[in-house]
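Undergrad: Structure in structure tokens, see below.
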Amino acid sequence: MQIQKEKIIHTDVLIIGGGTAGCYAALTLRSLSEASVVIAEKADIRRSGCLAAGVNALNAYITKGHTPQFYVDYAKKDAAGIVREDLLLTMSEGLSEVTKKLEELGLVILKDEQGEYVTRGPRNIKINGENIKTILADAVQKLDDVEVINHLNITDYIVRDNRIAGALGFDILTGTAYEIRAKAVLCATGGASGLYRPNNPGFSRHKMWYSPFNTGAGYAMGIRAGAEMTTFEMRFIALRCKDTIAPTGTIAQGVGAKQINAKGEVYEDKYGLTTSQRLYGTVRESLDGNGPCYLKTEGLTADEDEALLKAYLNMAPSQTLKWIESGKRPSQQNVEIEGTEPYVVGGHTASGYWVDTHRQTTIHGLYAAGDVAGGCPQKYVTGALVEGEIAAKHIVETALSDGLALTADEEGRILADKVAEYNAFLGEERPFFTVEELEEAMQKVMDAYAGGIGSHYQYNERQLALADEKIDQLMDLADSVGAGDYHELLFVYELKERLTVCKVLIAHLRARKETRWHSFAENLDYPEQKDEWLKYVNSRMDEDGQIHMVYRDLVPGGSLYEHSH
Amino acid sequence: MSIRINQDRCIGCKRCVSVCPGSLIDINETGKARMHYPKDCWGCVSCVKECPVQAIDFYLGADMGGRGSTMNVTTEGQYIKWHIRRPDGSEETITIDRKQANSY
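The following block contains the structure:
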């Protein structure tokens with residue numbers, strides 16, 4: 005099998021990824037300008053990305069009586085200081101407006117008798133978000149001059165002299181190769197899952213929480229193009245309902261269930277209440293022989309039982325089915341909890357592209373929003389919408405006047421080179437190892453030597469050095485895998501993306517010589533938190549594939565940040 | 757977790773093929789939908805909701821505590837009805853009003 009068809013498209017703005025941030029960026033671009041827009045989406049924007057099954061609360065919102073700065077302070081504390089306050093503040097200031105827009109588009113938000121949104125804690129509001137993605141997708145489909153290309157997997161940026169000129173990819177159903185030329189590109193692909201061995205490594209290796217189809221493509225393309233990345237070492241590990249990996253906030257915040265150990269003791273106060281501390285406490289309790297750990301739901305009322313079953317159907321239906329399969333409702337059995345495998349995901353922690361306040365990366369004309377954008381943790385759904393909006397506004401203001409000129413010959417050559425690369429993987433030769441075998445090997449290496457579930461999220465310097473060596477070996481092997489069809493070609497690129505992200509992640513874990521966050525980055529050779537590490541650990545890959553660490557002072561609150569290219 | 761596609765019910769409309777966020781479903785030689793990559797399913801049930809003839813059932817793997825019950829969905833106006841069928845033949849339906857936010 006070979007690539008059969010090629011297509012070159014010219015547009016003003018290319019959005020890579022039609023998820024939360026990408027859809028909202030398209031809406032903003034068309035409301036502020038006449039710019040032509042192409043959305044390249046690996047699946048189908050109707051249900052693609054993290055919102056596929058829905059979400060039952062908006063977790064980033066400025067509730068009545070609070071200010072955007074309140075949210076900034078909360079996220080900064082939760083991340084032990086390693087955040088970009090300029091990014092958090094501009095995100096927080098936009099939360100009310102995007103929420104209002106979602107409501108106008110049809111999202112159901114719970115209101116009280118005075119018409120105020122009903123809160124679930126100081127930063128959250130309650131919704132019926134089963135259809136949140138279809139609402140966004142429908143709004144995008146109605147826009148003029150926005151071409152959504154579904155099932156198009158982007159593999160590479162086109163960059164000349166550190167300026168974006170477009171991207172390359174292929175249709176995973178038809179195999180058509182695409183070169184999309186654009187004046188500005190927004191990367192909104194999501195974070196990276198599947199780096200580490202998962203909770204249920206067999207049949208149920210993928211779970212309805214973080215999208216397993218977010219494979220770190222956006223990070224990997226930026227890394228290879230020389231973009232600066234930040235804070236990959238702040239991994240995200242979610243505390244979740246055991247097995248289903250369904251979110252726990254609905255139980256913990258919704259009905260106020262406490263974290264208890266197997267002896268029935270409430271342990272959450274013992275370790276602290278930040279996101280990483282709640283997880284760390286659960287790991288410690290198990291290591292100390294007090295596991296399993298639970299959210300205490302026994303004793304809830306029948307009404308609360310029913311409400312929980314419904315709430316999970318709007319977000320993670322597997323948890324509802326699990327309750328039914330077990331024959332016991334939440335009121336009859338506490339909900340067991342566990343940590344997930346680690347992810348790199350900028351919607352929760354601060355990992356991602358190093359961007360300026362306008363969400364422009366260190367590559368001119370390339371923007372990042374949502375999970376791929378670093379420095380702005382706990383942005384969640386609404387924060388990703390705001391970042392899409394901020395990037396779109398800046399594109400309209402500054403990036404539409406002139407794009408990078410390439411001759412038709414150059415354009416043709418760029419695509420031909422990429423097609424030759426695709427075709428090499430699609431060749432007849434039967435490779436020694438399959439993509440799946442190498443993926444499993446990668447997950448095993450990361451689990452054992454870079455702080456996965458199997459090593460209780462801990463690592464030391466010698467283990468990280470081994471991890472790096474073994475990932476290098478797998479990267480070599482990944483150059484000679486093969487694909488029997490276009491979907492398998494997607495798997496080839498996803499493997500390579502994940503390996504690239506692993507490589508950079510390991511470099512970041514090695515660089516931060518302290519333990520600022522238990523579990524998220526727990527270096528047993530440096531078990532203490534140190535003030536000298538109140539700085540950003542950033543990195544850049546050079547043209548030879550070498551990773552160079554860049555250490556930057558914290559951007560102080562109240563200022564904007566511009567790149568000094 | 758994964759899905760099973762009832763071949764007798766499937767009408768080959770391809771809506772599930774298109775909507776699956778992992779592009780995991782394709783069409784087999786008889787023109788019916790086939791779950792090509794069952795281990796890659798993450799249980800988002802987009803296909804179950806999209807199927808116009810309720811040919812797709814969602815279930816939990818045994819490694820997650822699944823005991824053979826299946827679940828599918830019908831939409832009637834503003835209501836989403838989730839139908840669960842246990843292996844012993846008993847059924848349970850949970851109805852959700854799409855115009856109502858959840859209480860938690």
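In order, the protein sequences belong to chains A and B.
Using our numbering, the letters of the first sequence correspond one by one to residues 5 to 569.
Using our numbering, the letters of the second sequence correspond one by one to residues 757 to 860.
Note that the Cβ used here is the ideal one computed from N, Cα and C, for glycine as well.
Just so you know, these numbers come straight off a predicted model, no measurement behind them.
Between the Cα of A:A354 and those of A:M450, A:H567 and A:K81, spot the shortest distance and give me the residue it belongs to.
TA: Here residue 354 of chain A is taken as the residue at index 350 of the first sequence, counted from 1. Comparing Cα positions, the closest option is A:K81.
Undergrad: With 16 as the cutoff for other CB atoms within 10 Å, does B:R771 come out buried or exposed?
TA: Translated into positions along the second sequence, residue 771 of chain B becomes position 15. Here B:R771 is buried. Its C-beta has 16 or more other C-beta atoms within 10 Å.
Undergrad: Applying the criterion that 16 or more other CB atoms from any shown protein chain within 10 Å of the CB defines a buried residue, is A:D360 buried or exposed?
TA: In the first sequence, counting from the first residue as 1, residue 360 of chain A sits at position 356. Result: buried.
Undergrad: Which residue wins for smallest C-alpha separation from A:K507, given the options A:H352, A:D307 and A:D480?
TA: If you number the first sequence from 1, residue 507 of chain A lands on position 503. Considering only alpha carbons, the answer is A:D480.
Undergrad: With DSSP run on the structure shown, which of helix, strand or coil describes B:I812?
TA: Mapped onto the second sequence, residue 812 of chain B falls at position 56. B:I812: strand per DSSP, three-state reduction.
Undergrad: Tell me which residues share the same chain as A:Y505 and place their Cβ nearer than 7 Å to its Cβ, disregarding the 5 neighbours each side in the sequence.
TA: On the first sequence, residue 505 of chain A is found 501 positions in, with the first residue counted as 1. The identity of residue 505 of chain A in the sequence shown is Val, whereas the question assumes Tyr. Here the set comprises A196, L199, G220, Y223, A224 and V348.
Undergrad: Taking only three categories from DSSP, how would you classify A:T279?
TA: Against the first sequence, residue 279 of chain A aligns to sequence position 275. Here A:T279 sits in helix by DSSP.
Undergrad: Ignore the nearest five residues each way along the sequence and tell me which others in B:E806's own chain have a CB closer than 7 Å to its CB.
TA: Along the second sequence, read from residue 1 onward, the residue named residue 806 of chain B stands at position 50. Answer for B:E806: R771, C772 and V775, listed in chain order.
Undergrad: Would the C-beta of A:V359 count as close to the ligand MG, meaning under 8 Å from any of its heavy atoms?
TA: No copy of the ligand MG occurs in the structure displayed, which carries no ligand at all.
Undergrad: Can the beta-carbon of A:R88 be found less than 9 Å from the beta-carbon of A:G378?
TA: Position 84 of the first sequence, counting from 1, holds the residue named residue 88 of chain A. Position 374 of the first sequence, counting from 1, holds the residue named residue 378 of chain A. At a Cβ-Cβ threshold of 9 Å, A:R88 and A:G378 count as neighbours.
Undergrad: State buried or exposed for B:Y835, treating a residue as buried only when at least 16 other CB atoms are found within 10 Å of its CB.
TA: Here residue 835 of chain B corresponds to residue number 79 of the second sequence, with the count starting at 1. Burial call: exposed.
Undergrad: Could you check whether the Cβ of A:K539 sits closer than 9 Å to any Cβ belonging to chain B?
TA: One-based indexing of the first sequence puts residue 539 of chain A at position 535. False, the Cβ-Cβ gap to chain B never drops below 9 Å.
Undergrad: If you draw a straight line from the C-alpha of A:V41 to the C-alpha of A:I136, how long is it?
TA: The residue labelled residue 41 of chain A in the question sits at position 37 within the first sequence. The residue labelled residue 136 of chain A in the question sits at position 132 within the first sequence. Cα to Cα, the separation comes out at about 22 Å.
Undergrad: Keeping to the same chain, check which residues put their C-beta closer than 8 Å to that of A:L55; ignore five residues upstream and five downstream.
TA: For the purposes of this step, residue 55 of chain A is taken as residue 51 along the first sequence, with counting starting at 1. Closer than 8 Å at the Cβ level, and outside the excluded window around A:L55, lie G23, T24, G133, I136, K137, L140 and V385.
Undergrad: Please give me, in chain order, every unbroken run of the beta strand (DSSP E) with length at least 3 that falls completely inside the segment 299-385 of chain A.
TA: Here the runs fully enclosed are 339-343 and 370-372.
Undergrad: So A:L299 and A:Q263 are in contact, right, with Cβ under 8 Å, and what is the actual spacing, rounded?
TA: Translated into positions along the first sequence, residue 299 of chain A becomes position 295. Translated into positions along the first sequence, residue 263 of chain A becomes position 259. That belief holds up - the Cβ atoms of A:L299 and A:Q263 are roughly 6 Å apart, short of 8 Å.
Undergrad: Could you compute how far the alpha carbon of A:N157 sits from the alpha carbon of A:Y371?
TA: Here residue 157 of chain A corresponds to residue number 153 of the first sequence, with the count starting at 1. Here residue 371 of chain A corresponds to residue number 367 of the first sequence, with the count starting at 1. One C-alpha to the other measures close to 18 Å.
Undergrad: Under 8 Å by Cβ, that's how I've got B:E832 and B:I840 pegged, so tell me the actual separation to the nearest angstrom.
TA: Position 76 of the second sequence holds residue 832 of chain B. Position 84 of the second sequence holds residue 840 of chain B. So it is not a contact: roughly 17 Å between Cβ atoms.
Undergrad: Find the residues of chain A that neighbour B:D796, judging by a C-beta separation of less than 9 Å, and give them in chain order.
TA: Locating residue 796 of chain B in the second sequence gives position 40, counting from the first residue. Per Cβ cutoff of 9 Å: R209, H210, P216 and F217.
Undergrad: Could you tell me which chain B residues have their CB closer than 7 Å to the CB of A:D48, listed as they occur along the chain?
TA: The count along the first sequence starts at 1 and reaches residue 48 of chain A at position 44. Chain B residues near A:D48: S774 and V775.
Undergrad: Could you name the residues that DSSP lists as bridge partners for A:F174?
TA: Working through the first sequence from its first residue, we reach residue 174 of chain A at position 170. A:F174 pairs with A:N157 and A:A181.
Undergrad: Just to confirm my understanding: we take A:K500, look at its own chain, exclude 5 residues before and 5 after, and list those with CB closer than 6 Å. What are they?
TA: Position 496 of the first sequence holds residue 500 of chain A. If we look at A:K500 and ignore the five residues flanking it on each side, its Cβ neighbours are A482.
Undergrad: Starting from B:K855, find everything on chain A with Cβ-Cβ shorter than 9 Å and list it in chain order.
TA: Here the question's residue 855 of chain B lines up with position 99 in the second sequence. Correct list: V112 and N132.
Undergrad: Kindly provide the ranges of any alpha helix (DSSP H) runs that are 4 or more residues long and lie completely inside the segment 185-248 of chain A, ordered along the chain.
TA: Entirely contained in the segment 185-248 of chain A, the alpha helix (DSSP H) runs reaching 4 residues are, in chain order, 221-228.
Undergrad: So, for A:T15: in the same chain, excluding its five sequence neighbours on each side, which residues have a beta-carbon less than 7 Å away from its beta-carbon?
TA: Locating residue 15 of chain A in the first sequence gives position 11, counting from the first residue. Result list for A:T15: S40, V41, V42, I184 and A186, in chain order.
Undergrad: With a Cβ-Cβ cutoff of 9 Å, do A:R244 and A:G387 count as a contact?
TA: If you number the first sequence from 1, residue 244 of chain A lands on position 240. If you number the first sequence from 1, residue 387 of chain A lands on position 383. At the C-beta level, A:R244 and A:G387 stay beyond 9 Å of one another.
Undergrad: Mind pulling the chain A residues with CB within less than 8 Å of B:C800?
TA: As a first step, residue 800 of chain B must be located in the second sequence, where it is residue number 44. Correct list: R51, A56, A57 and M212.
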